[in-house]
Amino acid sequence: MRKLALTDDILLNIEKPARYIGNEVNSVMKDKDQIDIRFAMCFPDVYEIGMSHLGIQILYDMFNRRDDVWCERVYSPWTDLDKIMRKEKLPLFALESQDPIREFDFLGITIQFEMCYTNILQILELSQIPMHSCDRTENDPIVIGGGPCAYNPEPLAEFFDLFYIGEGETSYDELLDTYKKCRAEGKTRIEFLEQAAKIAGIYVPAFYDVEYNDDGTLKSFTPNNFHAPESVKKQVVMDVTDTTYPMNPVVPFIKATQDRVVLEIQRGCIRGCRFCQAGMIYRPTRERNVKRLKEYAKTMLTNTGHEEISLSSLSSSDYSELKELVMFLIDEFKEKAINISLPSLRIDAFSLDVMSKVQDIRKSSLTFAPEAGSQRMRNVINKGLTEEDIMEGAGQAFEGGWTKVKLYFMLGLPTETEEDMKEIAHLCERVARRYYEIPKDQRNGKCQITASSSFFVPKPFTPFQWAAMCTAEEYTRRAHLVNDEFKEQLNRKSLKYNWHDAEVTVLEGVMARGDRRIGKVIEEAYRLGCLFDSWTESFRDDLWEQAFLNTGIKKEFYTLRMREEDELFPWDFIDTGVSRKFLRKEWERAMNAEVTPNCREHCSGCGAAKFGGGVCYEGKN
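Heads up, the sequence shown is in this note's numbering, so the first residue is 287 and it goes up one at a time.
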């Protein structure tokens with residue numbers, strides 16, 4: 287019988303104790319005396335969100351297939367348990383064994399979004415691991431980061447020993463083998479890091495020096511250890527069909543954010559939206575074999591007991607075998623009451639036909655992301671959607687029985703004018719009007735059009751990485767301007783408009799394009815009490831403002847400044863395959879509101895073809 291890390295008394299006095307006890311269906315238990323490497327895999331947010339993350343599920347499965355590795359899970363304790371652990375000086379523990387994290391060989395942290403950075407420091411502190419990598423001893427775990435935010439690791443550089451750039455299936459085995467060999471040979475921590483730096487995709491921040499110009503911009507970024515390469519190349523799995531995939535994912539004890547089987551149908555995206563980091567860093571697009579996906583679906587539903595299956599992709603409509611796969615899922619699981627979730631679909635005739643077959647249309651709403659109200663702005667961001675596409679899709683949806691539509695937009699995009707902003711309200715009005723064109727006896731009451739605006743954040747490795755942001759006040763002004771325009775519309779009773787938190791957006795922008803100096807601000811904010819910054823109820827803008835003040839760092843330098851064409855960026859040492867020259871060309875095309883065709887229509891020469899496969903080579907073999 288496993289001894290739990292938390293006493294019954296503690297478990298009974300916290301919210302959702304099931305977050306911390308482990309032992310879920312399909313969780314992996316091993317004899318720790320029979321393995322060589324213990325790896326704690328962490329998602330720095332609450333259990334329900336972490337359990338929904340596919341990347342961790344894949345790595346957890348892959349690591350545990352090795353006889354010499356035991357990979358366990360750890361998540362951020364919620365604020366109630368956090369307080370108790372600090373008061374009682376309880377070390378943070380892994381779910382499977384309930385052992386302290388500090389006893390492990392590795393602590394791997396998935397960095398999924400910028401607003402979890404203070405949670406990373408919480409994980410380190412509660413684990414009783416020194417916060418700065420330079421203070422860690424031979425007895426401390428190796429702390430490694432990965433995920434989308436690792437494409438600009440610099441704000442977190444001093445807190446991590448290593449970063450893994452790219453897809454984990456390629457170099458992790460070599461890294462673990464290297465660690466095992468180094469330990470057997472009695473090598474020191476630093477000697478292991480030197481060996482690790484030679485592995486493709488591994489970045490060791492301590493092995494690089496940074497210099498700044500008088501104006502605060504980056505002057506140079508150079509290796510200080512001859513084992514460290516000048517450029518770190520992202521890792522890509524070219525054959526996604528034959529790579530490892532979790533057939534027995536862990537089933538959460540409590541309802542997770544996405545409580546379902548996830549079927550990853552492809553990686554990458556052919557579209558090239560200029561604001562989208564994922565669309566650039568995950569190039570080239572690679573598809574999984576449809577026959578294999580059918581097998582996966584049957585096996586995973588049997589092994590988990592889940593009642594829903596979701597097709598995961600950045601743009602599901604672009605998967606070439608989508609029709610065959612969806613029709614198979616409908617035929618195979620209709621009698622078993624399995625719900626099929628189809629995110630990231632374009633609203634066209636096929637998608638609507640499918641959705642009407644797989645969901646109860648009386649309950650559900652359709653989600654659609656035009657991102658901008660005017661055609662000019664949609665061309666600027668290369669969305670590749672015309673108003674005709676939008677109206678046709680909405681019309682077909684309404685005629686098919688849907689009455690609720692959600693539309694997502696962005697405010698604060700480069701070159702945006704007040705007219706562009708107002709067009710958000712006008713577009714929603716035209717969508718509502720299209721509904722009321724249906725004869726009254728054929729309609730199902732009123733329609734509800736809900737528009738939502740997030741604020742633009744320029745991300746590394748996108749054509750907009752040179753762009754300036756707005757102040758929080760300006761973002762809010764723009765949202766109010768749009769809101770006022772909604773109130774003027776004829777069908778305003780059928781329209782609803784809401785927007786995101788502008789202060790959080792500005793902070794996200796600082797983190798996204800920050801350099802090493804931002805680490806001081808993150809640490810100070812954490813010391814002041816910032817935690818769970820992505821949660822509205824926990825976010826404290828006043829404490830973050832204080833942190834900038836205390837450290838003397840001006841956030842405006844990172845947000846309001848337009849970058850010069852030749853400015854050295856903190857992330858320029860990473861080779862994503864997509865060239866800086868291509869990104870700059872796309873920036874210039876954006877300024878002229880020119881559309882770039884998608885990858886299947888025409889190759890735009892981004893550079894991803896150098897990986898030797900995927901969409902770049904379709905029809906060429």
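We put the beta carbon where it would ideally sit given N, CA and C, even for glycine.
Here DSSP, grouped into helix, strand and coil, assigns S599 to coil. Taken in chain order, the complete beta strand (DSSP E) segments of 3 or more residues contained in the stretch 371–437 are 392–396, 428–432. Excluding residues up to 5 positions away in sequence, Y333 lie with their Cβ nearer than 6 Å to the Cβ of R305 in the same chain. With contacts defined by Cβ atoms closer than 8 Å, A879 and V666 form a contacting pair.
The residue among R546, E593, S739, D639 with its C-alpha nearest the C-alpha of E621 is E593.
Counted as a single uninterrupted DSSP element, the alpha helix (DSSP H) harbouring L340 occupies residues 340–350.
Comparing alpha carbon positions, the residue from P744, S780, S740 closest to A765 is S740. One thing to note: E382 has its Cβ within 8 Å of the Cβ of M315. Looking from the CA of Y465, the closest CA among A483, F855, L410 belongs to A483.
Taking the Cβ atoms as the reference, S457 lies roughly 5 Å from Q521, within the contact range of under 8 Å.
Along the length of the stretch 744–802, whole alpha helix (DSSP H) runs at least 4 residues long occupy 758–773, 788–799, reported in chain order. The Cβ neighbour count for T396, taken over all protein chains shown within 10 Å, is at least 16; the residue is labelled buried. T748 is not a Cβ neighbour of M586, given a cutoff of 8 Å.
By DSSP's assignment, S738 forms a beta bridge with Y694, N784.
DSSP places T653 within a strand segment (E or B) once states are collapsed to three. Sorting I633, K779, G558, L462 by C-alpha distance to the C-alpha of F684 places I633 at the top.
Restricting attention to E581, L829, F619, C555, the CA atom closest to the CA of S603 is found in C555. Contact between T530 and M348 holds: their C-beta atoms lie close to 5 Å from each other, under 8 Å. In this structure, D447 is the residue among P439, D447, Q320, Y694 with its C-alpha nearest to the C-alpha of D421. A contact between stretches requires three or more CB pairs, one per stretch, nearer than 8 Å, and the stretch 836–853 fails this requirement with the stretch 427–445. Separation of L814 and L829 (C-alpha to C-alpha, rounded to the nearest whole angstrom) is 6 Å. With a contact defined as Cβ atoms closer than 8 Å, C435 and E400 qualify at about 6 Å. If you look at M566, you'll find it in the alpha helix (DSSP H) that goes 563–567. A direct Cα-Cα distance of roughly 32 Å separates I476 from H339.
For V717, the enclosing alpha helix (DSSP H) starts and ends at 704–722. Rounded to the nearest whole angstrom, the CA to CA distance from S865 to R875 is 16 Å. The DSSP-derived three-state label of M848 is coil. The beta carbon of N499 sits closer than 7 Å to those of K505, all from its chain and outside the five residues before and after it, given in chain order. For M877, the uninterrupted alpha helix (DSSP H) run begins and ends at 866–877, by DSSP. Residue state for Q320 is assigned as helix, using DSSP reduced to three classes. S517 is classed as exposed because its beta carbon has fewer than 16 other beta carbons within 10 Å across all chains shown.
With contact defined as three or more Cβ pairs closer than 8 Å, the stretch 318–331 and the stretch 352–370 are in contact. By the neighbour-count criterion, in which 16 or more other beta carbons inside 10 Å mark a residue as buried, Y844 falls on the buried side. DSSP places A895 within a helical segment (H, G or I) once states are collapsed to three. With a contact defined as Cβ atoms closer than 8 Å, P386 and P377 qualify at about 4 Å. Counted as a single uninterrupted DSSP element, the stretch harbouring L448 is not any alpha helix (DSSP H) but the beta strand (DSSP E) occupying residues 448–450.
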